[in-house]
Amino acid sequence: MSGAVEMPRRRARSLSGLLPFLRPYRGQVLLALMFMVLASAAMLTAPLAVRDLIDFGFEPGAVIHGHFLALFALAVFAGTMMAARFYIVSWLGERVTADLRNAVYGRMLVQSPAYFEATQTGEVLSRLTADTTVIQTVVGSSISMGLRSAVQFLGGLVMLAVTSLKLFAVTLALLVGVMLPLVLVSRLIRQLSRDSQDRIADTAAMAAEMLNAVPTVQAFTQERNEAIRFERGVARSFATAIRRTRLRAIMTASIVGGVFGAIVFVLWLGARAVIDGSMTAGELASFVLYAMITAGAIGVIAEVWGEVLRAAGATERLMELLSAEPDIQAPAQPGVLPRQPQAEVILDAVHFVYPSRPDTPALDGLNLVIHPGETVALVGPSGAGKTTVFQLLMRYYDVSGGAIRFNGVDLREVDPRALRAQIGIVPQDAVIFSGSALENIRYGRADASDDEVKAAARLALADEFIARLPQGYDTFVGERGLRLSGGQRQRVAIARAILRDPPLLLLDEATSALDAESEALVQQGLAAAMRHRTTLVIAHRLATVRKADRIVVLEGGRIVEIGTPAELMQQGGLYARLASLQVMA
Numbered sequence: 022m023s024g025a026v027e028m029p030r031r032r033a034r035s036l037s038g039l040l041p042f043l044r045p046y047r048g049q050v051l052l053a054l055m056f057m058v059l060a061s062a063a064m065l066t067a068p069l070a071v072r073d074l075i076d077f078g079f080e081p082g083a084v085i086h087g088h089f090l091a092l093f094a095l096a097v098f099a100g101t102m103m104a105a106r107f108y109i110v111s112w113l114g115e116r117v118t119a120d121l122r123n124a125v126y127g128r129m130l131v132q133s134p135a136y137f138e139a140t141q142t143g144e145v146l147s148r149l150t151a152d153t154t155v156i157q158t159v160v161g162s163s164i165s166m167g168l169r170s171a172v173q174f175l176g177g178l179v180m181l182a183v184t185s186l187k188l189f190a191v192t193l194a195l196l197v198g199v200m201l202p203l204v205l206v207s208r209l210i211r212q213l214s215r216d217s218q219d220r221i222a223d224t225a226a227m228a229a230e231m232l233n234a235v236p237t238v239q240a241f242t243q244e245r246n247e248a249i250r251f252e253r254g255v256a257r258s259f260a261t262a263i264r265r266t267r268l269r270a271i272m273t274a275s276i277v278g279g280v281f282g283a284i285v286f287v288l289w290l291g292a293r294a295v296i297d298g299s300m301t302a303g304e305l306a307s308f309v310l311y312a313m314i315t316a317g318a319i320g321v322i323a324e325v326w327g328e329v330l331r332a333a334g335a336t337e338r339l340m341e342l343l344s345a346e347p348d349i350q351a352p353a354q355p356g357v358l359p360r361q362p363q364a365e366v367i368l369d370a371v372h373f374v375y376p377s378r379p380d381t382p383a384l385d386g387l388n389l390v391i392h393p394g395e396t397v398a399l400v401g402p403s404g405a406g407k408t409t410v411f412q413l414l415m416r417y418y419d420v421s422g423g424a425i426r427f428n429g430v431d432l433r434e435v436d437p438r439a440l441r442a443q444i445g446i447v448p449q450d451a452v453i454f455s456g457s458a459l460e461n462i463r464y465g466r467a468d469a470s471d472d473e474v475k476a477a478a479r480l481a482l483a484d485e486f487i488a489r490l491p492q493g494y495d496t497f498v499g500e501r502g503l504r505l506s507g508g509q510r511q512r513v514a515i516a517r518a519i520l521r522d523p524p525l526l527l528l529d530e531a532t533s534a535l536d537a538e539s540e541a542l543v544q545q546g547l548a549a550a551m552r553h554r555t556t557l558v559i560a561h562r563l564a565t566v567r568k569a570d571r572i573v574v575l576e577g578g579r580i581v582e583i584g585t586p587a588e589l590m591q592q593g594g595l596y597a598r599l600a601s602l603q604v605m606a
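First residue of the sequence shown: 22, per my numbering; consecutive thereafter.
Set out below in structure tokens:
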């Protein structure tokens with residue numbers, strides 16, 4: 022599997038994975054850097070103005086207005102530059118996060134079903150929300166603050182050296198000693214940040230699973246047990262986050278305390294230098310201000326560094342999703358799949374094993390020719406391989422051996438999208454999206470007009486109940502179509518397939534979960550959908566396939582019988598046995 026969770030970790034190890042998302046906005050990045058440098062330069066100029074004010078502004082006859090005007094002008098300029106920087110980096114944070122979410126979501130949409138056999142959707146959703154929010158904070162704020170503080174730190178060091186080389190040397194030695202813990206514990210903080218995001222993802226996956234199964238949870242009175250299980254997951258997430266926060270707090274306190282302790286010691290040396298006459302009061306004042314700027318910058322860097330490490334962990338998790346390559350891809354030079362009114366499907370010695378079950382063949386040497394316009398039913402016990410045939414025809418997987426040809430072309434030689442554009446499917450459990458009835462039917466063909474949608478609904482016998490909805494075709498049908506009955510959802514799915522007008526129609530036991538009245542209506546809709554096209558039907562209730570041209574009986578991934586219903590009953594084999602069991606039931 023090329024998935025993200027169980028696959029070998031492909032860690033980005035840094036925020037460098039974000040560079041492709043920042044590259045399109047190089048102009049904004051450079052502009053933000055320019056404003057940041059200008060604002061920092063203004064801040065670093067202020068102590069010089071204070072130095073001149075102290076050394077020369079208080080002499081008899083001195084005019085001090087100019088000094089204060091200069092300080093005010095610096096403040097206004099610095100404030101303007103800071104505001105401009107804040108706006109641009111905030112825009113960058115929002116833009117990069119939006120692009121990152123789009124990229125991850127788009128990558129997930131092309132993954133094959135095998136990917137999601139080992140990747141929980143809740144895990145993916147957590148990365149799309151929680152992880153990208155962390156990155157938004159860092160890109161839109163923390164990194165900018167960190168870079169600004171780094172510029173002020175370096176500029177402050179330079180100005181400290183210019184002001185007093187002796188005091189600067191002492192300050193630098195002390196700062197190097199104080200900064201060592203930052204390097205030593207940063208890797209541990211980063212790992213804890215990664216672990217914290219993983220725990221959040223675990224709880225999100227658990228919540229997503231349970232919220233989609235609330236009726237089942239309530240039916241088995243498991244509300245309390247599920248609440249306790251979720252509380253335990255939250256507790257694990259909280260404990261990991263607290264460990265990370267505790268370490269960050271200790272690191273920040275150590276660095277800030279050490280830096281200010283070093284500054285106090287250097288100030289003591291400076292005060293002695295002023296008393297000795299080797300340094301002016303203005304120079305000491307400017308040195309103090311530069312030392313405060315430098316110390317403040319270190320404090321911000323220490324705080325931001327923890328956020329950067331947390332974002333690095335989030336970036337690694339997102340890069341894992343983005344690096345996941347779909348198992349099924351279009352060939353470099355895809356073959357042309359001719360579109361004909363009716364499809365011909367040939368399964369030639371097809372062998373297949375699921376990646377998650379490599380030792381158990383799902384299909385074993387399957388040979389079958391489905392002629393254009395023919396209706397063929399697949400029957401057999403659970404695990405016989407019926408659904409596998411559908412998944413291979415949709416090219417969710419590729420065959421392990423043999424070949425499947427659609428209108429004479431091997432499926433592995435065509436673009437999966439081009440193949441699926443010629444197939445319509447009505448699943449056993451119809452998928453209805455949040456939206457209107459009109460939008461759900463139009464999902465079959467996005468460019469269809471309203472009249473074409475309604476014509477498909479009439480053929481599927483969906484028009485009669487849609488017309489009775491409060492807003493007709495514009496009625497919101499609820500999440501997963503919960504405002505519709507099972508039969509109504511199936512008829513919407515049939516209308517969707519009719520609108521697609523495919524050469525090949527796949528019916529996955531579309532009536533098995535319906536009552537007799539709903540089944541009769543759905544069967545009429547299916548009859549309209551099957552007219553003039555090749556149809557392949559999966560059937561568990563054998564009464565639903567009596568009108569099939571041929572019935573293919575599968576067992577253990579092999580064809581054991583084939584013929585019309587009457588022929589198979591006369592043979593007295595597996596089909597006859599299944600039919601008798603259903604009659605007895």
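All C-beta atoms, glycine included, are put in the ideal place defined by N, C-alpha and C. Keep in mind it's a predicted model, so treat the numbers as computed, not measured.
- Note on Leu65: 16 or more other CB atoms within 10 angstroms of its CB, so buried under the neighbour-count rule.
- Here Tyr311 is buried. Its C-beta has 16 or more other C-beta atoms within 10 Å.
- Between Leu575 and Ala405, the C-beta gap is smaller than 7 Å, which places the two residues in contact.
- Pairing Val125 with Val160 gives a Cβ-Cβ distance that is not under 7 Å.
- Rounded to the nearest whole angstrom, the C-alpha separation of Gly465 and Ile446 is 10 Å.
- For Arg571, the enclosing beta strand (DSSP E) stretches over residues Arg571 to Glu576.
- Cβ-Cβ distances below 7 Å link Met231 to Val238 and Glu247 in the same chain, with the five nearest sequence neighbours on each side left out; the list follows chain order.
- Beta-carbon to beta-carbon, Ala292 and Leu305 are separated by about 7 Å, close enough to satisfy the 8 Å threshold.
- A straight line joining the alpha-carbon of Ala119 with that of Arg479 spans about 41 Å.
- Beta-bridge pairing by DSSP links Ser457 to Phe497.
- In the three-state scheme derived from DSSP, where H, G and I count as helix and E and B as strand, Pro355 is classed as coil.
- The Cβ-Cβ distance between Ala451 and Ala549 does not fall below 7 Å.
- For Asp472, the enclosing alpha helix (DSSP H) begins and ends at Asp471 to Leu480.
- Look at Gly161 here: in three-state DSSP terms it is helix.
- When the five nearest sequence neighbours on each side are left out, the beta carbons in the same chain lying within less than 8 Å of the beta carbon of Val50 are those of Leu43 and Leu113, in order along the chain.
- Pro68 carries a helical assignment under DSSP once its states are collapsed to helix, strand and coil.
- Across the structure, Ala151 and Arg220 are spaced so that their CA atoms are roughly 11 Å apart.
- Minimum Cα-Cα distance from Glu324 among the listed residues Ser275, Val366 and Met340 corresponds to Ser275.
- Under DSSP, the beta-bridge partners assigned to Ala398 are Val558 and Ile572.
- Just so you know, the alpha carbons of Ile156 and Thr336 end up roughly 7 Å apart.
- With contacts defined as CB atoms closer than 7 Å, Leu95 and Ala60 fail to qualify as a contacting pair.
- Annotated three-state conformation of Pro362 is coil, per DSSP.
- Just measuring C-alpha positions, the residue of Arg512, Arg521 and Ser185 sitting nearest Ser307 is Ser185.
- Looking only at Arg426, Ile314, Gly401 and Ala560, the smallest Cα-Cα distance to Val179 is reached by Ile314.
- In the displayed model, Pro448 falls within coil according to three-state DSSP, outside both helix and strand.
- Taking a contact as a CB-CB distance under 8 Å, the pair Gly356 and Glu434 counts as one, their CB atoms being some 4 Å apart.
- If you check the CB distance, Tyr417 and Pro41 do not come in under 7 Å.
- In the DSSP assignment, Glu485 falls within the unbroken alpha helix (DSSP H) covering Asp484 to Ile487.
- Counting along the chain, Pro491 sits inside no beta strand (DSSP E), nor does DSSP assign it H or E at all.
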